[in-house]
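Novice:
Chains as they are written, first to last, in our numbering: chain A, 16 to 456; chain B, 16 to 456.
1) How long is the line joining the alpha carbons of residue 264(B) and residue 401(B), rounded to whole angstroms?
2) Could you give the distance in angstroms between the alpha-carbon of residue 153(B) and the alpha-carbon of residue 198(B)?
3) Which value, in whole angstroms, describes the spacing of the CA atoms of residue 160(A) and residue 444(B)?
4) In the structure shown, what three-state DSSP assignment does residue 380(B) receive?
5) For residue 219(A), I'd like the list of residues in its chain whose CB is within less than 8 Å of its CB, leaving aside the five on either flank, ordered along the chain.
6) Below 7 Å CB to CB, which residues in the same chain sit around residue 316(A) once its five sequence neighbours on both sides are set aside?
7) Indicate whether residue 233(A) and residue 192(A) have their beta-carbon atoms separated by less than 7 Å.
8) Could you check how far apart the C-beta atoms of residue 125(B) and residue 285(B) are, in whole angstroms? I think they sit under 8 Å.
9) Residues of chain B with CB under 9 Å from residue 403(A), in chain order?
10) Verify the CB distance criterion: does residue 164(B) have a CB-CB separation below 7 Å to chain A?
11) So residue 213(B) is in the alpha helix (DSSP H); what residue range does that whole segment cover?
12) Assign residue 434(A) to buried or exposed, taking buried as 16 or more other Cβ atoms, counted over all protein chains shown, within 10 Å of its Cβ.
13) Starting from residue 129(A), follow the alpha helix (DSSP H) in both directions and report where the run begins and ends.
14) Please check the pair residue 361(A) and residue 431(A), which I expect to be a contact at CB under 8 Å, by giving their CB distance rounded to whole angstroms.
15) Since I believe residue 247(B) is in contact with residue 217(B) (beta carbons under 8 Å), could you give me their beta-carbon distance rounded to a whole number of angstroms?
16) With residue 410(B) and residue 59(B) assumed to form a contact (beta carbons below 8 Å), what rounded beta-carbon distance in angstroms separates them?
17) Could you please give the first and the last residue of the uninterrupted beta strand (DSSP E) stretch that includes residue 405(A)?
18) Let me check one thing: in DSSP terms, what residues is residue 32(A) bridge-paired to?
19) Using the C-alpha atoms, what's the distance from residue 207(B) back to residue 414(B)?
20) Quick check: is the beta carbon of residue 82(A) nearer than 7 Å to any beta carbon in chain B?
21) Compile a chain-ordered list of the residues in the segment 74-107 of chain A whose CB is closer than 8 Å to at least one CB of chain B.
22) Would residue 122(B) count as contacting chain A if we go by Cβ distances under 7 Å?
23) Rank 421(A), 448(A), 408(A) and 446(A) by C-alpha distance to the C-alpha of residue 57(A) and give the top, closest one.
24) Out of curiosity, what's the CA-to-CA distance linking residue 146(B) and residue 200(B)?
25) Closer than 8 Å by C-beta to residue 83(A): which residues in its own chain qualify, once you throw out the five before and the five after it? Chain order, please.
26) So what's residue 263(A) in DSSP terms, helix, strand or just coil?
27) Helix, strand or coil for residue 321(A), going by three-state DSSP, please let me know.
28) Is DSSP giving residue 251(B) helix, strand or coil here?
29) Are the beta-carbon atoms of residue 255(A) and residue 127(A) separated by less than 7 Å?
30) Would you list, in sequence order, the uninterrupted alpha helix (DSSP H) runs of no fewer than 4 residues that lie entirely inside the segment 266-344 of chain A?
31) Determine the contact status of residue 138(A) and residue 167(A), defining contact as a CB-CB distance below 7 Å.
32) At 8 Å on the CB atoms, spell out the chain B contacts of residue 72(A), in chain order.
33) Specify the secondary structure class of residue 173(B) as computed by DSSP and reduced to three states.
34) Which one of 67(B), 417(B) and 28(B) has the shortest CA to CA distance from residue 47(B)?
35) Drop a sphere of 10 angstroms on the beta-carbon of residue 99(A), count the other beta-carbons inside from all chains shown, and report buried for 16 or more, exposed for fewer.
36) By DSSP, does residue 99(B) sit in helix, in strand, or in coil?
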């Protein structure tokens, strides 16, 4: 006899013991812990859709380079403040190859994952001009991004971008930017959790308005080249990863090794600041820190006092992977297509059981199959949907934790590794439908 | 003919080109850059006394464990939020072995170097109680520590502890703590830059007052077991590294792999929070983050949004080194004694040329020979002394950048590696004396 669904009272007890008062507001790490508890309670595997743990093996190019760096004694030495030379150069070439944008090696700084990149960028942007005290986040978004300004005590504002696609985005951004208080705008493209991708027209609108209102665009490219509707896998050949960098000089790109190279454990990424912004002098920064330029402060003030940089040996790993990708000897995009296949197949299973995509379109085009997507079930609320799915042995996170106003869950396919994971999802969703029949109708 | 001293006008031009208006206020990294420029200008090696780059080779125990972790695929996987199990356990045992304090593995969290530990601790301490908005730093201190609250916008206060040794410290701390605004107190012991070490009596005073006024003591143990006046090298045998943890439950210890294991490049350390403080519930944290305990918030709120933890493979390295040290198979303290020998010899050279120790005593006992010491020359000011030494090919940092009110420089002996470094120091100090004769008298 199936151990699912878990009785409602037992599930409530579990949450109470874990100090979680509302599961729809729980962090990804808390949801992960709930899953572990459910596995211990039932002695059955849970379907893990909650966390973006890379489900593809690391390429030996990265680990070999890292091990070689350790053999050469790099563990002893603080890396140069702006990162090792080869990483800066190879990152610059990689960006040219896949994003078709020119950024000097000088303007590329390694960070402790892109999480640390956005943390330091947001803090710096909040200090460049006393009148600009607010960071604008386009939602839905990565919940940890949303929490950063709260932890840092920085004023912030969000809106659900799905309501403002295309030309509507111009009107909405114009309204927000014209307050004069927005220092920076942050988003992930492709989007986490909805996998929506901005069109060139939308990126142009964002870029033009960023220039007009002197707002810095912080573009998180954690999932670059993973919109598989186009083949973005050929270095130095179009089509390229779309970017706001084509339309403004007011930008910083965050490129992480975690997802594109499955190197999440080593906490290594780069922040690439536009040449113009890097060298821009901010009197308020000079007054406060005795250093004026945006880029020097990012490196020597913010990244330095936060962690004195990032792993020396992992910088060699990331450098080698950037180089191999730009050389065309490591086709990282093809390896990532596996996520698209998993998304396609699991979406079919959700749809078979009556679920619908919550965020479904890029204006007139259906969203692609990638790392994430979002589903809802009839009009069931975030908290009820996630609670009932968890009771049926399916773990995820609720959409409200991503700044979305819609009802549903985020599905991450990275841990759908084997045939049995899809069979199990299908079975558990059958149990879920019955549970809805029993408890909701 | 010697290329030193560099003419005053040429040196001023160099600083102007590097955007440094006052060399005595320059950061360590800036001083390092000045040294590189001087080497390029003169084509002669500079005597590097400015930066604490480990000058001892890394033990293969660390690198082997890290390479093995990479071979086992750990680069792909996010480490557990609180760090890998073995690191937590081995750190707990290491602390028992060398500090003689019991801290549960649960309460030990890895950070991106201790810089990141203090960054997140200071931020958290500033948010636990709206009435306690100030961090107190005992100076002289590590300049980056002093810059952290400025970057984070946190009120902070310092005083030179050398003026308040012994019972005077009680009076001074009582005065500061009784304002009710001090959330936390941070210091390094042994002290950077002065190498003064608190006596047991002083640690007792700090601990008692921390309990009385509910102040959290953030004790940076970057140089633990490096006060070579006592043999602290035997695990589980007295004498142990002195600590405030013997006298209060209100503490967090920061133990870094950078100096004691020469593992600075990999940015790996641990923060060990007292069992009682870890579990203490703070209503203000619960209101703000939905999580109440100090330790859970440190791990899941602060360290998470700052960088999502630290290098997975480096955690295995640190774990293995902690284990070997506690097992007694890796005598890390004996290897570090090399720094003491270098300090002793270079101090003699400074004294031969008329320099004096600035911070010279722990109450009635002379300070030991270790990683740092401080010297002054007659009554020459910070800026003049450092400028003239640099012009003579000796690089260092000025004492005012460490929060000290005294005139002098910090000497770090880590880069005094070979016989020729000592010969060069002797020669250059001879040139310096002549320069003083020519320009000052």
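From the three backbone atoms N, C-alpha and C, an ideal C-beta is built for every residue, glycine too.
Specialist: So, to answer that:
1) C-alpha separation (whole angstroms): 42 Å.
2) Rounded to the nearest whole angstrom, the C-alpha separation of residue 153(B) and residue 198(B) is 14 Å.
3) If I take the Cα positions, the gap works out to 53 Å.
4) Secondary structure at residue 380(B): strand, using DSSP grouped into helix, strand and coil.
5) The beta carbon of residue 219(A) sits closer than 8 Å to the beta carbons of 261 and 262 from its chain, once the five residues preceding and following it are set aside; these are given in chain order.
6) Hits under 7 Å: 304 and 306.
7) No, these two residues do not count as a Cβ contact at 7 Å.
8) Between the beta-carbon of residue 125(B) and that of residue 285(B) there is about 5 Å, and that keeps the pair under the 8 Å contact cut.
9) Within 9 Å of the CB of residue 403(A), no CB atom of chain B is found; the nearest one sits about 22 Å away.
10) Chain A contact via Cβ: absent.
11) Taken as a continuous stretch (DSSP letters only), residue 213(B) belongs to no alpha helix (DSSP H), as it is neither H nor E.
12) By the 10 Å Cβ count, residue 434(A) comes out exposed.
13) That run of the alpha helix (DSSP H) goes 128-140.
14) For residue 361(A) against residue 431(A), the beta-carbon gap comes to about 6 Å, under 8 Å, which counts as contact.
15) Going by Cβ atoms, the distance from residue 217(B) to residue 247(B) rounds to 18 Å, so no, they are not a contact pair.
16) The Cβ separation is near 12 Å, so there is no contact.
17) Residue 405(A) -> not in any beta strand (DSSP E); alpha helix (DSSP H) instead, spanning 397-406.
18) None, per the DSSP bridge assignment.
19) Distance between the alpha carbons of residue 414(B) and residue 207(B) is about 11 Å.
20) Yes, its Cβ sits closer than 7 Å to a Cβ of chain B.
21) Correct list: 77, 78, 81, 82, 85, 86, 88, 89, 90, 91, 92, 93, 94 and 96.
22) No, no contact with chain A.
23) Nearest option by C-alpha distance: 408(A).
24) Across the structure, residue 146(B) and residue 200(B) are spaced so that their CA atoms are roughly 15 Å apart.
25) Contacts found: 331.
26) Note: residue 263(A) maps to coil in three-state DSSP.
27) Residue 321(A) falls in the helix class under three-state DSSP.
28) Taken through DSSP and simplified to helix, strand or coil, residue 251(B) comes out as coil.
29) No, the pair does not count as a contact, with Cβ atoms beyond the cut-off.
30) Segments of the alpha helix (DSSP H) lying fully in the segment 266-344 of chain A: 272-275, 290-294, 298-304, 309-312, 319-322 and 327-342.
31) It is a contact, given that the beta carbons lie within the stated cut-off.
32) Chain-ordered, the chain B residues with CB closer than 8 Å to the CB of residue 72(A) read 88 and 91.
33) In this structure, residue 173(B) counts as strand in the three-state DSSP scheme.
34) Closest option to residue 47(B), judged by alpha-carbon separation, among 67(B), 417(B) and 28(B): 67(B).
35) By the Cβ neighbour-count rule, residue 99(A) is buried, with 16 or more other Cβ atoms within 10 Å of its own.
36) Three-state DSSP puts residue 99(B) in coil, outside helix and strand.
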